[in-house]
Each structure stands twice: as C-alpha cells, then as structure tokens.
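Top line first, the protein sequences correspond to chains A and B. Note that the UniProt record's numbering numbers the first sequence so that position 204 is 204, with each residue one more than the last. Note that the UniProt record's numbering numbers the second sequence so that position 165 is 165, with each residue one more than the last. Just so you know, even glycine gets a beta-carbon here, dropped at the ideal spot from N, CA and C. All figures in this text were calculated on a predicted structure; none of them were measured in a lab.
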Amino acid sequence: MAGKPKLHYTNGRGKMESIRWLLAAAGVEFEEEFIETKEDLEKLRNDGSLLFQQVPMVEIDGMKMVQTRAILSYIAAKYNLYGKDLKERAWIDMYVEGTTDLMGMIMYLPFQPADTKEKNLALIIERASSRYFPVYEKALKDHGHDYLVGNKLSWADIHLLEAILMAEECKPDILSAFPLLQAFKGRTSNIPTIKKFLQPGSQRKPPADEKFIANVRKIFNI
Amino acid sequence: MSGKPKLHYFNGRGRMESIRWLLAAAGVEFEECFLETKDDLTKLQKDGSLLFQQVPMVEIDGMKMAQSRAIGNYIAAKYNLYGKDLKERALIDMYVEAIIDLNELLMTHPFQPADKKEQHFATIVDKATNRYFPVYEKVLKDHGQDFLVGNRFSRADVQLLETILMAEECKPDILAKFPLLQSFKARISNIPTIKKFLQPGSQRKPPLQEKDVPKLMKIFH
Numbered sequence: 001m002a003g004k005p006k007l008h009y010t011n012g013r014g015k016m017e018s019i020r021w022l023l024a025a026a027g028v029e030f031e032e033e034f035i036e037t038k039e040d041l042e043k044l045r046n047d048g049s050l051l052f053q054q055v056p057m058v059e060i061d062g063m064k065m066v067q068t069r070a071i072l073s074y075i076a077a078k079y080n081l082y083g084k085d086l087k088e089r090a091w092i093d094m095y096v097e098g099t100t101d102l103m104g105m106i107m108y109l110p111f112q113p114a115d116t117k118e119k120n121l122a123l124i125i126e127r128a129s130s131r132y133f134p135v136y137e138k139a140l141k142d143h144g145h146d147y148l149v150g151n152k153l154s155w156a157d158i159h160l161l162e163a164i165l166m167a168e169e170c171k172p173d174i175l176s177a178f179p180l181l182q183a184f185k186g187r188t189s190n191i192p193t194i195k196k197f198l199q200p201g202s203q204r205k206p207p208a209d210e211k212f213i214a215n216v217r218k219i220f221n222i
Numbered sequence: 001m002s003g004k005p006k007l008h009y010f011n012g013r014g015r016m017e018s019i020r021w022l023l024a025a026a027g028v029e030f031e032e033c034f035l036e037t038k039d040d041l042t043k044l045q046k047d048g049s050l051l052f053q054q055v056p057m058v059e060i061d062g063m064k065m066a067q068s069r070a071i072g073n074y075i076a077a078k079y080n081l082y083g084k085d086l087k088e089r090a091l092i093d094m095y096v097e098a099i100i101d102l103n104e105l106l107m108t109h110p111f112q113p114a115d116k117k118e119q120h121f122a123t124i125v126d127k128a129t130n131r132y133f134p135v136y137e138k139v140l141k142d143h144g145q146d147f148l149v150g151n152r153f154s155r156a157d158v159q160l161l162e163t164i165l166m167a168e169e170c171k172p173d174i175l176a177k178f179p180l181l182q183s184f185k186a187r188i189s190n191i192p193t194i195k196k197f198l199q200p201g202s203q204r205k206p207p208l209q210e211k212d213v214p215k216l217m218k219i220f221h
C-alpha cells in the first residue's frame, strides 16, 4: 500500500480538480479511484468511508478527509502553501474564496437548464471581468511581486491560475484587459510542477462533455 | 475610534451570524454597521471597502476582511478556537464545512417560492436528521468528551450549537433521536460567553421573518 494520497471522485473536474491542482503544484504524487456508477458511490457510502455521504473524499495521512475546503486547507498548510502567519493566511483565504465562487459558477454551468445557459455564461464573463479579475490584477499591481501574497508561491496563486484557465475556456480573450494577469499566467504556468501538470498525460481532467454530465446526473441523482 | 471589530451587514442573520457567534463565544466585543437600503450597499461598494463588492465585511486588525469563511478562519485562529495542530484543524474544518452546508439550507428557507417550501422543509429535516446530526452524535459517543475536537472548546462546537438552535426553530423536536447532542446543547449553552450571547439584548439576531424578505431583496438584487 502506497503512502500516496488517494482521491475518490468521478473521472472529471468537479470539486476535486482544485485538489488535484494543489497536490500537483506541491509536487505530491497521488492515486485516484474513479466512481463510474451509482453502485460505486453506494459502496463507498455503505462501508462508512464518507463522513457525510459525499465526495470528494481523500485518503491522506491516515484520515479519510471530506469537504473540499477542509482538504485543500490541510494540503496547503502541510506543504507550506498557506502563508507565513495569520494575516497572510487571511489574504490567501479571501483570494481563494473569490476564485472558488468564480469557478463554482463555471462548474455548474453544464447543469443549468438549457434555456438559461446563455444568460449564465454572460454572467460568468461579466463577473470574471468586473468583479474578480480586477481584484487580482490590482493586488499584483499594488505590490509588484510575482505572487499574490507574501512574495511567495501559495495556494492563492495556484487557485487563480486554475480559475484563469477555466475562464479562458469560456472566453479565450477574457484576460485582454488584464496585462498583469497575463504575465502571471505565463509565469505561474512555467513553475516546473505546474508545467508538468499542464502537459498531456497528467492527471488534470478535461472540461465536462455531454456524456460525462449525463453519467454524473445518474450517479448523484441530480 | 475603538479597536473593536466592526461588522458590515444587514440587520439580520444571513452569512454574518456565524461570525457574530464566533466573536461572542471568544468574548470579543464588536460593533455593527447595518445596511438598510440599496444605497448603503452601493456606498460601500463605491468607496472600495468590499473586496468582491459583497458583504459580509468585517473591519478587524487593520484589514477590511471579506468572505465569511476567511473571516471565520481568521477569528478562530486568532482566539485559539482552531485546534492545536494540523490534524485537529482538519477535523474542525470538516465538521464546520458540513455545518455550513446545513446552515445554507436553513438560511435559504424563507426565500423559497411558496410552492417549493414544503419540500424544502422536508429536505432540511431529512438532511439534518439523517446526514448531519448522526455524525456529530457519533463523534461525541466515540470519544465521550464534552467537545467535538481535541477535548477542548473550538469553533466546531460554537457552530454546531448555532445550527442546532436554528434547526430547532424549524422543528422543535429535531434532536429527539440524539441524546448526546441534547446534552451537548445544554452544556455549550452554559459556557459563560455563550450564555450571555443567548440572552435577550445581545447582538444575536432573530430568525428572518417573511415580511422582511422583500426589503432584503431590494438591497441585494
């Protein structure tokens, strides 16, 4: 049995993707066990592996951790991606909550009724361009550092890169008004662990397609 | 100007209530600035006080903190309500995140359209009694201690009590099958700072009334 963290989720992005990003950025190898059918989920529930009957679940350091944010906070702290003190941690938390809200909107888009899709996509683009990206652009401008918090790579940077790439899948030129974010994207993508994760063949998952969505609906009854 | 934290929100529970609970439990006095109209919100947005144009916002230790989870994390850590190490923190986070999920259901109940209310209520009761409360009952049973994590008062205990009380407002006998949660409720309610917060005249906010919903919608929509 390996000492590597083991991720339990469907074979797609969803709420697990940020966890994959963080582990990869920290240079931590991990295994994955994919839930393919309703029975797979029931089995996990019946053997008491899911504290609140939900995934994501990550086996790590002798724990069966659930709740995405709890898992991410643990990994960030363990691998020194959570700032050096309470105040840096506060800023990282604030920034991460913003990118979580933005990515959440994008994640739920395929599950919205078909007749609201266009409106919701427009809202995502509007929020990204006028509520979220300006904040990170300004943060980088104000201190002139390479990283969002404390002049050092943190969870906030990794999460922001993930959000930028997801937003660009929605609208390829979404960063056109944000030169510092463009430079941030280039720079952060080149960090060796992240560069590796961005290459084909890594454990990074593609955007959800129709077939995947249909299966997720079946497994989770939504 | 005092050194006390200053909370910016409307005069009701919403996403600020857990923060009020946490500060009160930690024995920290705080001030509140209530948004009464859309103009109040717009003013805060225009003067750059709201990181993502949203409330809650809490002025604390020279920061204008946004995002309720970030604020909760900061207060919990500052006042030693976040466990003694990474693993205790992990447990507290897991318990708190689930409580937040249940709170979300409770909090959105007044906003449900009339034809969805009954089903929403059923969902709340089902999730509370089948998914969430059994977990905390088992945690207390397994270690036999007074507090959820590390045999010591933490944020998880504060937030669980808050949610238990909110769930009881929905269904008064909701703890019927959970004897350990019943004694937990009594025990935590008796902690002096919390006992004080539970008394009339404290900064604890009452449940949202149906009649207040239109006013809220006007501020935020």
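The beta strand (DSSP E) spanning residue 8 (chain B) covers which residue range? 6-10
Q | Three-state class that DSSP yields for residue 29 (chain A) in the structure shown | A | coil
Next on the checklist: Please confirm whether residue 158 (chain B) has its beta-carbon closer than 8 Å to some beta-carbon of chain A.
Outcome noted: no
Checklist entry - If you measure from the beta carbon of residue 1 (chain A) to each beta carbon in chain B, is any gap under 8 Å? => result Legend: pLDDT at residue 1 (chain A) = 47, less than 50; position of this residue unreliable, no value from coordinates given.
3 or more residues per run - each beta strand (DSSP E) lying fully within the UniProt domain "GST N-terminal" (3-83) of chain A: 6-9, 31-34, 57-60, 63-66
Is it a yes or a no for the segment 127-143 of chain B touching the segment 100-112 of chain A, going by three-plus beta-carbon pairs under 8 Å? Two segments are said to touch when three or more pairs of C-beta atoms, one from each, lie closer than 8 Å; by this definition the segment 127-143 of chain B does not touch the segment 100-112 of chain A.
- [ ] Answer with yes or no whether the minimum CB distance from residue 1 (chain B) to chain A is below 8 Å.
- [x] The predicted position of residue 1 (chain B) is uncertain, since its pLDDT is 48 and thus under 50; a value taken from the coordinates is nonetheless stated next. Taking Cβ atoms only, chain A never reaches closer than 8 Å to residue 1 (chain B), which makes this a no.
What is the DSSP secondary structure of residue 178 (chain B), reduced to helix, strand or coil?
-> coil
Please return the same chain residues whose Cβ sits closer than 8 Å to the Cβ of residue 31 (chain A), not counting the five positions on each side in sequence. 2, 4, 5, 6, 7
Cβ-Cβ separation, residue 73 (chain B) to residue 61 (chain A) (assumed contact under 8 Å), whole Å | Actually they are not in contact, since the Cβ atoms of residue 61 (chain A) and residue 73 (chain B) sit about 21 Å apart, beyond 8 Å.
Practice task
Kindly indicate which residue of B:96, B:53, B:167, B:61 has the alpha-carbon position closest to the one of residue 107 (chain B).
Solution key: B:167
Buried or exposed by the 16-neighbour rule on C-beta atoms within 10 Å, applied to residue 16 (chain A): It counts as buried.
State yes or no: is the C-beta of residue 18 (chain B) within less than 8 Å of the C-beta of residue 82 (chain B)? no
Own chain partners of residue 89 (chain B) with C-beta closer than 8 Å, once the 5 adjacent residues on each side are dropped: 82, 83
Practice task
For the segment 80-97 of chain A, enumerate the residues whose C-beta is nearer than 9 Å to any C-beta of chain B, in chain order.
Solution key: Residues of the segment 80-97 of chain A with a C-beta atom less than 9 Å from some C-beta of chain B are 86, 87, 89, 90, 91, 92, 93, 94, 95, 96, 97, listed in chain order.
Requested in this report: Compute the distance between the beta-carbons of residue 35 (chain A) and residue 213 (chain A), then report whether it is under 8 Å.
Outcome: In this structure, residue 35 (chain A) keeps its C-beta atom at 8 Å or more from the C-beta atom of residue 213 (chain A).
* Asked: Applying the criterion that 16 or more other CB atoms from any shown protein chain within 10 Å of the CB defines a buried residue, is residue 13 (chain A) buried or exposed?
  -> buried
- Would you mind working out which of B:205, B:41, B:22 sits nearest residue 8 (chain B), comparing C-alpha positions? Nearest option by C-alpha distance: B:41.
- Comparing alpha-carbon positions, which option in A:22, A:52, A:216, A:149 lies nearest residue 163 (chain A)? A:22
| Are there 16 or more other CB atoms within 10 angstroms of the CB of residue 143 (chain A), so buried, or fewer, so exposed? | The residue in question, residue 143 (chain A), is exposed, as its Cβ has fewer than 16 Cβ neighbours within 10 Å.
_What does the Cβ neighbour count give for residue 98 (chain B), buried or exposed, with the cut at 16 atoms within 10 Å?_
buried
Next item on the list: Write down every uninterrupted run of the alpha helix (DSSP H) in the segment 12-90 of chain B whose length is 4 residues or greater and which is fully enclosed by it, in chain order.
Entry: Whole alpha helix (DSSP H) segments, 4+ residues: 17-25, 38-46, 68-78.
Terminal residues of the alpha helix (DSSP H) in which residue 120 (chain B) lies = Element bounds for residue 120 (chain B): 117-126.
* Asked: Do you know how far the Cα of residue 95 (chain B) is from the Cα of residue 209 (chain B)?
  -> 28 Å
| Completely contained alpha helix (DSSP H) runs for the segment 150-200 of chain B, where each covers 4 or more residues | 155-170, 179-189, 192-197, all fully within the segment 150-200 of chain B.
**Request:** Report the neighbours of residue 93 (chain B) on chain A: residues whose CB is nearer than 8 Å to its CB, in chain order.
**Result:** 67, 69, 70, 73, 74
*The alpha helix (DSSP H) spanning residue 148 (chain A) covers which residue range?*
For residue 148 (chain A), no alpha helix (DSSP H) segment is defined, and its DSSP state is neither H nor E.
Indicate the three-state DSSP secondary structure (helix, strand or coil) for residue 218 (chain B) in the structure shown.
helix
Handout entry: residue 197 (chain B) at chain A interface by Cβ criterion, 8 Å
Key = Output row for residue 197 (chain B): interface = no.
Would you say residue 186 (chain B) lies against chain A (beta-carbon separation less than 8 Å)? For residue 186 (chain B), not one C-beta of chain A is nearer than 8 Å to its own C-beta.
Give me the Cβ distance between residue 75 (chain B) and residue 148 (chain B), rounded to the nearest whole Å; I'm assuming they're in contact under 8 Å.
Between residue 148 (chain B) and residue 75 (chain B) the Cβ distance is about 18 Å, and since that is not below 8 Å, they are no contact.
Contact set between the UniProt domain "GST N-terminal" (3-83) of chain B and chain A, restricted to residues whose Cβ is under 7 Å from the partner: 51, 52, 53, 63, 65, 66, 67, 69, 70, 73, 74, 77, 78
### Message
Using a Cβ-based criterion (distance less than 7 Å to any ligand heavy atom), does residue 212 (chain B) qualify as near the ligand COA?
### Response
Among the ligands in the structure shown, none appear at all, so the ligand COA cannot be discussed.
**OP:** For residue 221 (chain A), count neighbouring Cβ atoms within 10 angstroms of its own Cβ and tell me buried if that reaches 16, exposed if not.
**Re:** exposed
> Which whole-angstrom value describes the C-beta separation of residue 55 (chain B) and residue 65 (chain B), a residue pair presumed to lie in contact below a C-beta threshold of 8 Å?
Replying inline: Not really, about 11 Å apart at Cβ, beyond 8 Å.
Exercise. Would you mind reading off the limits of the alpha helix (DSSP H) that contains residue 167 (chain A)?
Key: 155-170
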